[in-house]
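Report on the following structure.
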Amino acid sequence: MARIPCQWLFLGGFTFRWGRGDPAIDVLRGDTGPVHGNGRRVAVIPVDRSWKDVHDLHQRARSWLRATAAKRAGVRE
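In structure tokens form, the structure reads like this:
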């Protein structure tokens with residue numbers, strides 16, 4: 006369950022949710038909209054500090070998508 010205020014970002018088929026002060030970003034399957042539950046959570050991205058603005062979430066989401074692209078495509082490393 007994310008804390009409020011919270012940011013949501015739909016990118017690459019996933020919704021990234023980051024609550025103010027949360028120790029992690031939740032990655033949810035699909036375009037969930039602004040939900041607070043974890044029913045569609047597929048991953049958790051640990052973070053070392055809270056977000057300052059929406060650019061922090063965009064940057065972390067793009068990094069996660071790049072880092073997990075091969076695994077999500079079913080490619081073995």
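Everything in the sequence shown is counted per the working numbering, starting at 6 for the first residue and increasing by one. Beta carbons: idealized from backbone N, C-alpha and C, even for Gly. Keep in mind that this is a model prediction, so the values were computed, not measured.
(request) Determine the burial state of Val32: buried for a count of at least 16 other Cβ atoms within 10 Å of its Cβ, exposed for fewer. (result) Translated into the one-based positions of the sequence shown, residue 32 becomes position 27. Buried, because 16 or more other Cβ atoms sit within 10 Å of the Cβ of Val32.
(message) Whole angstroms are fine: how far does the CA of Leu14 sit from the CA of Asp36?
(response) For the purposes of this step, residue 36 is taken as the residue at position 31 of the sequence shown. For the purposes of this step, residue 14 is taken as the residue at position 9 of the sequence shown. Each residue's alpha carbon lies about 9 angstroms from the other.
(message) Can you tell me which residues form a DSSP beta bridge with Ile9?
(response) Mapped onto the sequence shown, residue 9 falls at position 4. DSSP lists no partner for Ile9.
(request) Output the distance between the C-alpha atoms of Ala72 and Ala78, rounded to the nearest integer angstrom. (result) Start at 1 with the first residue of the sequence shown, and residue 72 comes out as number 67. Start at 1 with the first residue of the sequence shown, and residue 78 comes out as number 73. In a straight line, the C-alpha of Ala72 is about 12 angstroms away from that of Ala78.
(request) Whole angstroms is fine: what's the gap from Pro51's alpha carbon to Gly26's? (result) By 1-based counting over the sequence shown, the position of residue 51 is 46. By 1-based counting over the sequence shown, the position of residue 26 is 21. Taking the straight line from one Cα to the other gives about 12 angstroms.
(request) Could you pull the start and end residues of the alpha helix (DSSP H) that Trp69 belongs to? (result) For this step, residue 69 is matched to residue 64 along the sequence shown. Segment Val59 to Ala78, the alpha helix (DSSP H) holding Trp69.
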